[in-house]
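A short worksheet on the structure shown next.
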Amino acid sequence: MKTTAVLGLLALVPSALGLGTCHAGQRYCGSWLIDKDGYSVADLQKAVHGPNVKPYPPPHNNWRDSLFLCNRRSEIEFMEYCWQGCHESGGDGENDVCNTASLGFG
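Structure, rendered in C-alpha cells:
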C-alpha cells in the first residue's frame, strides 16, 4: 500500500514542477517546448546532449532556435542549433525542423 502511494506521488512530480511532456522520437523546437509544452529555458539548459554536439551551448544562449529530440524516457536531448531559425510543424506528430537557407533555385 505504501509503495503504491509513493509511486503515485512520484508520478505527480513532473507536472508539479511545470514540466511538459514530449512524445518519444519526436523532434521539437525550443520555442515550441517553451511556448506550448510547459518547459522553461532552465529546463532546456539541463537537457541531455552528446559530447560531439556543436555548438553547445547555442550562440547567445538562443535555446528557442535549437532543436531537441524526445528520447525513450521522455527526456529532451539537445540535437543542434538552427542557424536559420527553427520551424515548428504545429504538432500532430510532425517533427519540427531547422530552416534551411534558400539557394534561389527553382
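Quick note on numbering: the sequence shown equals residues -18 to -1, 1 to 88 in mature numbering (1 follows the signal peptide of the UniProt record, and there is no 0). Heads up, the beta-carbon is just placed ideally off N, CA and C, and yes, glycines get one too. Every value quoted in this text rests on a predicted model; they were computed, and no experiment measured them.
Query raised in the report: Looking only at C-alpha atoms, which of R46, Y63, D19 and Q27 sits nearest to P37?
Result: Here residue 37 corresponds to residue number 55 of the sequence shown, with the count starting at 1. With distances taken between Cα atoms, P37 lies closest to Y63.
Query raised in the report: Per DSSP, what kind of secondary structure is N23 in: helix, strand or coil?
Result: Numbered from 1 along the sequence shown, position 41 holds the residue referred to as residue 23. Checking the displayed sequence, the identity of residue 23 turns out to be Val instead of Asn. Reduced to three states, the DSSP call for V23 is helix.
Report task. Locate the beta strand (DSSP E) running through S48, then write down its first and last residues. Result -> Against the sequence shown, residue 48 aligns to sequence position 66. It spans S48 to C52 - the beta strand (DSSP E) in which S48 sits, taken as one unbroken run.
Query raised in the report: Between the beta-carbon of C11 and the beta-carbon of C52, is there less than 7 Å?
Result: By 1-based counting over the sequence shown, the position of residue 11 is 29. By 1-based counting over the sequence shown, the position of residue 52 is 70. Their beta carbons are not under 7 Å apart, which means C11 does not touch C52 by this criterion.
Query raised in the report: Between T82 and H31, what straight-line distance do the alpha-carbon atoms span, to the nearest angstrom?
Result: In the sequence shown, counting from the first residue as 1, residue 82 sits at position 100. In the sequence shown, counting from the first residue as 1, residue 31 sits at position 49. Approximately 22 Å, taken between the alpha carbons.
Query raised in the report: How big is the Cα-Cα spacing for S13 and D74?
Result: To locate residue 13, count along the sequence shown from 1; it is residue 31. To locate residue 74, count along the sequence shown from 1; it is residue 92. Using only the alpha carbons, I get a separation of about 16 Å.
**Report entry** C-beta contact flag for W45 and V23 at 7 Å
**Finding:** Counted from its first residue, the sequence shown places residue 45 at position 63. Counted from its first residue, the sequence shown places residue 23 at position 41. Yes, these two residues count as a Cβ contact at 7 Å.
Query raised in the report: For S48, which residues of its own chain have a beta-carbon under 6 Å away from its beta-carbon, when the five flanking residues on both sides are left out?
Result: Mapped onto the sequence shown, residue 48 falls at position 66. These residues qualify, in order along the chain: G12, P40 and Y63.
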